[in-house]
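Enquirer: Pasting a structure below so you can have a look.
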Amino acid sequence: MVRGVAPLAASLLVLAITVAAVLITYLWVSSYASSPRQPEPPQIRELAKIESVEYDGSKLKVTLRNIGSAKLTVDAL
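Its first residue numbered -4, the sequence shown is counted upward by one per residue in the numbering used here.
Shown next, in the form of structure tokens:
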């Protein structure tokens, strides 16, 4: 029975190394996956829809509708 002790000890050592490697990999992956991400900067939501355009020869009338969530300012056409 003494001849079977060395292979058994080697098998247990390989098993312990494998379990330790799996545990270290699991802890590393779980900490990497749960690390807080940088929040995305808020995006400006300026959206305008042209409702109508009228031209009578001397005047141009453009009707816009703000369909975004931010205040819309029209400086020039």
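Glycine included, each C-beta is placed from N, C-alpha and C at the ideal position.
Would you please state the rounded distance, in angstroms, between the beta carbons of Ala71 and Ile39? I believe it to be under 8 Å.
Expert: Locating residue 71 in the sequence shown gives position 76, counting from the first residue. Locating residue 39 in the sequence shown gives position 44, counting from the first residue. With 8 Å as the limit, Ala71 and Ile39 do not qualify as a contact, their Cβ atoms being about 19 Å apart.
Enquirer: In terms of residue numbering, what span does the beta strand (DSSP E) encompassing Leu59 cover?
Expert: Translated into the one-based positions of the sequence shown, residue 59 becomes position 64. Looking at the DSSP string, the run of the beta strand (DSSP E) that includes Leu59 is Leu55 to Asn61.
Enquirer: Could you check which residue in Glu46, Asp51 and Leu55 has the C-alpha nearest to that of Ile62?
Expert: Residue 62 sits at position 67 when you count from the first residue of the sequence shown. Nearest in C-alpha terms to Ile62, of all of Glu46, Asp51 and Leu55, is Glu46.
Enquirer: Give every residue of the same chain whose Cβ lies closer than 7 Å to the Cβ of Thr58, excluding the five residues on either side of it in the sequence, and list them in chain order.
Expert: Taking the sequence shown and counting its residues from 1, the one referred to as residue 58 is at position 63. Glu46 and Ser47, listed in sequence order.
Enquirer: Can the beta-carbon of Leu67 be found closer than 8 Å to that of Glu49?
Expert: Mapped onto the sequence shown, residue 67 falls at position 72. Mapped onto the sequence shown, residue 49 falls at position 54. Between Leu67 and Glu49, the CB-CB gap reaches or exceeds 8 Å.
Enquirer: Short of 8 Å in beta carbon distance, which residues of its chain neighbour Val0, apart from the five on each side in sequence? Order them along the chain.
Expert: Numbered from its first residue, the sequence shown carries residue 0 at position 5. Closer than 8 Å at the Cβ level, and outside the excluded window around Val0, lies no residue.
Enquirer: Could you tell me the alpha carbon to alpha carbon distance between Ile20 and Ala43, rounded to whole angstroms?
Expert: Taking the sequence shown and counting its residues from 1, the one referred to as residue 20 is at position 25. Taking the sequence shown and counting its residues from 1, the one referred to as residue 43 is at position 48. Note that residue 20 is Thr in the sequence shown, not Ile. Whole-angstrom Cα-Cα distance: 51 Å.
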